[in-house]
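Asker: Sharing a structure with you now.
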Amino acid sequence: MTATSGPGLRDGAWSRSRDQAATPASPGGAAGPPPNTRPRRRRDGRVRWHSPLAAWLFLTPALLAFGYFSWWPIVKSVLLSLQQTNFVDPPRWVGLDNFRHVLADPLLLTAIVNTVKFGALTILIGFPLPLLLAIVMSELRRLGGLFRVLVYLPVIMPPVVSILLWKFFYDPDHGLFNSVLGHLGLGPAPWLQTKASALPSLVLLIVWESTGSTVLLYLASLSGIPGELYEAAEVDGASIRRRVWHITLPQLRGMMLILLLLQIIGTLQIFSEPFVMTDGGPENSTVTVIYLIYRDAFVNGDFGSATALSVLLAAALAALSAVYLRLTRRWSAT
Amino acid sequence: MTRVPTRAFAGVLALSLAATGAACSSAKPQSGGITTITVMGIPPTTKAAARQTYLDQVAAFEKANPAIHIQTTDAAFDATAYITQLAGGTAPTMLLVPLTEPAGLIARHQVADLSTAAKDLPVYGQFDPRVLENLKDASGKLYGIPTSEYALGLVYNRSLFSKAGLDPDRPPATWDDVQAYAKQITERTGVPGFAEMTVKNNGGWRLTAATYSRGGAMEAQQDGRFTATVNNPQAVAHLTQLKKMRWQDQSMGTNQLLNYNDVNSGFAAGNFAMIISDPGYYTSYINQFKGDPASFGAGAYPQAGGNATLVGGQAVMVNPKATAAQQAAILKWTDFYYLRPQYDPAAGAERAKSNKESAIPVGVPTVALFTADVQQKIADAIKPYVTVDPKNFAPFVSGTATLQYKPEPPVAAQSLYASLDTAVQAVLTRQDADPATELATAQKSATTIVQQAQQ
């Protein structure tokens, strides 16, 4: 959040006005430099550099890094999607052939349906769960720190390690989950072994992996809600449910919107879990769009088709994000 | 906010990062008449003795060929990495490739044509023509030199055979025997009698081998063009038998999404009694998975009328950007390190001796690269150093001698296998799956795959 002129700001994003209201004085002294110090901050929050050269010098490393590692690959990918190459001979321009090839792949529809299923299920479970956990944890007077550590633990494990660990947990014969179910007189459940249960089993793992960091973000947001609001509500006799509904959720909605969008984008890019645990099986029931891209590029060596599908997915995600932002703009700005 | 879609866009396209490297040549600058080659194949640091032996061989080679300098690379061949290394100009000059890969590499022109250079090999004319089949394209050009070949067979746990009341010296010779033995082992020991791979294209690979053993094939050639024939009666018969074993006999356990490592490590741990593998697996069974040598048994590939087995192995292939001098240097090294111990009795004995000292099993049966009399001379020369118990491999040797060797399907084998994985998984994970229907579905994608690969 850029430090600006204080309360009364109306043009910013959702959380800006709240932060400003909570802390009228700008943090860190960034807005109050001694009069002779350059650069000087303008009223609109931008820094006025004495010489534009200095600004460009500061920008250059970031521009180079983004240019080389983000923007150039994007441009190159779009070019590659129109070419056929084996990385030995000069690439051959093939027009839209790669796109036609990708769209004719009978697995594409399966992959899209699976990806949407992954997205929908992950958000159905993975969106409300961290919110609920964060609200409950913020209400805890004791052991809050311990719970924060416990919830965050899965995040500090390297993803592939936790995926391999869960592969053992899901083993139908000797796995942890079926042993536990056995002790409870239930199961054994097939987990990854059937078409119907493989995808939901992967969703469980994905939610377990991602909940910790989302909870922390919500907790951080929760700590920014002014205590006076709750005190006022308590004085007025509001129940916990009403406090959550009328204070917590409205105050959190900026964070909820952005996290929902990030979760949607994240789940539509699911790859490591099916790749390591099921290889897209059984019977292609866990093949995702990114998995198809991988298979085209690295198993079939067809980078043209792989980048064509990447471009299509990126376009779909960009369109989805635009629609989402348009639909929620009003809600987030008020 | 507008940054989110941009970042997502970048994330989605991250896979193609690999493509951004400038396509510069991997050929090393040659200075002072010295030809430098980068070669795969050095044993890992965890096998210190074997690594030292290899380095000694490199030094001996360089001494004998002062105009050649060898740079070793620890990286093993990985199809994924190779494409990105080619794009970035960092691929090694000499590749050591499993025989599942050459068809794709040749089709994509990502390896050098060695037809002319290979003729300088001192033993070029003595290769068994069958072992070169996997390394040629449709027009007969040669792209690789085999360094070792194996025939698939049946690997079984001798202790579990004894426990189940079966004779460990008489492994099953037919698929019907495999089914009966697996059932008996499961009933008497509780250990799944048989396990098969189903993911990462291994399901398709194994179904192809089984189809050969029943007299079928996955591709057919007509007027110079290949068509997919994955929906054949032999493949249907095999899947039907696996289905019976999985659901009726319940002799294949319940975990069916198994990859290469799952099956191999599981067998060594005693989790399955029989798997399809090759005798070369014995080395990792002992050194990597710490399996019990006395429990290891190898039989010939089970048959059901095909009298054939699938061959695999390893071959030297060359980076297409290598210079003529580098190609020649690679072939010299290939001859010196890989081939000579297989045709020159003195070199063979010396290699067997150093392998024995490095705890690498000696005497594991392989497919002979050269003619039968050459093979016999080598067998005699290494006899004093043999560390494996020949009795455990005897059923494999006698059974395989009468089998025909079949290579992988020539066109787009890996993609074909991917479409077959689905059929194998269906039969082993869904009780109501119909093998014929599943193969009919696989046939549709396989037809397109094989057609497109020949365009």
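Those protein sequence lines, which keep their order, are chains A and B. Start counting the first sequence at 1; every next residue gets the next number (this note's numbering). Start counting the second sequence at 1001; every next residue gets the next number (this note's numbering). Note that the Cβ used here is the ideal one computed from N, Cα and C, for glycine as well. In this text the structure is predicted, and so the values were computed from the model without any measurement.
Taking only runs of the beta strand (DSSP E) that begin and end inside the segment 220-296 of chain A, which ones reach a length of at least 3 residues, in chain order?
Answerer: Qualifying beta strand (DSSP E) stretches: none in this window.
Asker: Any chance the CB of V160/A is under 7 Å from a heavy atom of the ligand PLP?
Answerer: As for the ligand PLP, it is missing from this structure, which has no ligand bound.
Asker: Using a Cβ-Cβ distance under 8 Å, would V1123/B count as near chain A?
Answerer: By this cut-off, V1123/B is not an interface position.
Asker: Across the segment 247-260 of chain A and the segment 122-133 of chain A, are there enough close Cβ pairs to call them in contact, namely three or more that are closer than 8 Å?
Answerer: Touching, per the Cβ criterion.
Asker: How is A22/A classed by DSSP in three states: helix, strand or coil?
Answerer: With a pLDDT of 38 at A22/A, under the threshold of 50, the modelled position of this residue cannot be trusted; read the value that follows with caution. Three-state DSSP puts A22/A in a helix.
Asker: Taking 8 Å as the threshold (beta carbon to beta carbon), is T1186/B in contact with chain A?
Answerer: Answer no: the Cβ-Cβ gap between T1186/B and chain A never drops below 8 Å.
Asker: My output table needs one value for E1438/B: the three-state DSSP class, helix, strand or coil.
Answerer: If DSSP states are grouped into helix, strand and coil, E1438/B belongs with the helices.
Asker: Below 8 Å on the Cβ atoms is my guess for T1429/B versus Q193/A; work out the distance and round it to an integer in Å.
Answerer: Contact holds; Cβ gap of about 5 Å.
Asker: Helix, strand or coil for S1025/B, going by three-state DSSP, please let me know.
Answerer: Confidence at S1025/B is low in this model, with a pLDDT of 36, below 50, so its placement is unreliable and no value can be given for it.
Asker: Measuring CB to CB, does A1228/B end up less than 8 Å from L1416/B?
Answerer: Yes, Cβ-Cβ distance for A1228/B and L1416/B is below 8 Å.
Asker: Would you call the CB atoms of A1268/B and F1289/B closer than 8 Å?
Answerer: Yes, these two residues count as a Cβ contact at 8 Å.
Asker: Determine whether the Cβ of Q193/A lies closer than 8 Å to any Cβ atom of chain B.
Answerer: Yes, Q193/A lies at the interface with chain B (some Cβ there is under 8 Å from its Cβ).
Asker: From the DSSP output, read off the bridge partner residues of R92/A.
Answerer: Its beta-bridge partners are Q84/A.
Asker: Starting from I1070/B, find everything on chain A with Cβ-Cβ shorter than 8 Å and list it in chain order.
Answerer: Under the 8 Å cutoff, chain A gives no residues; its nearest Cβ is about 23 Å from I1070/B.
Asker: Would you check if the distance between the CB atom of R1130/B and the CB atom of G1165/B is smaller than 8 Å?
Answerer: Taking 8 Å as the Cβ cut-off, R1130/B and G1165/B do not qualify as a contacting pair.
Asker: Please compile the residues from chain A whose C-beta is within a distance smaller than 8 Å of the C-beta of S1445/B.
Answerer: Under the 8 Å cutoff, chain A gives P106, L107.
Asker: Exposed or buried, which one is P1233/B when buried takes at least 16 other CB atoms within 10 Å?
Answerer: Exposed: under 16 other Cβ atoms inside 10 Å.
Asker: If you drop the 5 nearest sequence neighbours on each side, which residues of the same chain put their C-beta closer than 6 Å to that of N1392/B?
Answerer: So the list reads F1296, G1297, once near-sequence residues are dropped.
Asker: At 4 residues or longer, what runs of the alpha helix (DSSP H) sit wholly inside the segment 1220-1281 of chain B?
Answerer: 1233-1243, 1260-1268, all fully within the segment 1220-1281 of chain B.
Asker: Checking 8 Å against the spacing of the C-beta atoms, do T115/A and V289/A come in under that value?
Answerer: Closer than 8 Å, so yes.
Asker: Does any CB atom of chain B fall closer than 8 Å to the CB of N114/A?
Answerer: No, N114/A does not count as interfacial toward chain B.
Asker: From the DSSP output, read off the bridge partner residues of K1136/B.
Answerer: Answer is L1142/B.
Asker: In the DSSP output, what is Y1417/B paired with across the bridge?
Answerer: For Y1417/B, which the question treats as bridged, DSSP gives no partner whatsoever.
Asker: Given a cut-off of 8 Å, decide if D279/A and G1253/B are closer than it, judged by their beta-carbon atoms.
Answerer: Against a cut-off of 8 Å, the Cβ pair of D279/A and G1253/B comes out as no contact.
Asker: Just to confirm my understanding: we take L229/A, look at its own chain, exclude 5 residues before and 5 after, and list those with CB closer than 8 Å. What are they?
Answerer: So the qualifying residues of the chain are I247, Q251.
Asker: Name the chain A residues that come within less than 8 Å of N1259/B, Cβ to Cβ?
Answerer: The contacting residues are D279.
Asker: For D1078/B, which of P1092/B, P1293/B, S1277/B has the nearest alpha-carbon?
Answerer: When only C-alpha atoms are compared, the closest one is P1092/B.
Asker: Taking C-beta pairs closer than 8 Å, name the residues in chain C that N1255/B reaches, listed in chain order.
Answerer: Absent from the structure is chain C; the protein chains it does hold are A and B.
Asker: What ranges does the alpha helix (DSSP H) occupy inside the segment 131-211 of chain A, keeping only unbroken runs of at least 4 residues that lie completely in it?
Answerer: Correct list: 144-156, 159-169, 176-183.
Asker: Taking D1421/B and T1198/B to be in contact with their CB atoms under 8 Å, please state how far apart those CB atoms are, rounded to whole angstroms.
Answerer: About 6 Å separates the two Cβ atoms, so the contact holds.
Asker: On the three-pair Cβ rule with 8 Å, is the segment 1324-1335 of chain B touching the segment 1109-1125 of chain B?
Answerer: Yes, since at least three Cβ pairs between the segment 1324-1335 of chain B and the segment 1109-1125 of chain B fall closer than 8 Å, the two stretches touch.
Asker: So, are the CB atoms of I206/A and E273/A less than 8 Å apart?
Answerer: Yes.
Asker: Looking at the structure shown, is H1069/B part of a helix, part of a strand, or coil, going by DSSP?
Answerer: DSSP places H1069/B in strand when its eight states are reduced to three.
Asker: In chain A, what lies closer than 8 Å to A1087/B by C-beta?
Answerer: Going along chain A in sequence order, the residues near A1087/B (Cβ under 8 Å) are F87.
Asker: Can you give me, in chain order, the residues of the segment 1313-1338 of chain B that have a beta carbon less than 8 Å from any beta carbon in chain A?
Answerer: The residues in question are P1320, K1321.
Asker: Would you say R1099/B and V1316/B are within 8 Å of each other, going by their C-beta atoms?
Answerer: The residue you asked about is not Arg; residue 1099/B is Leu in the sequence shown. Not a contact, by the Cβ cut-off of 8 Å.
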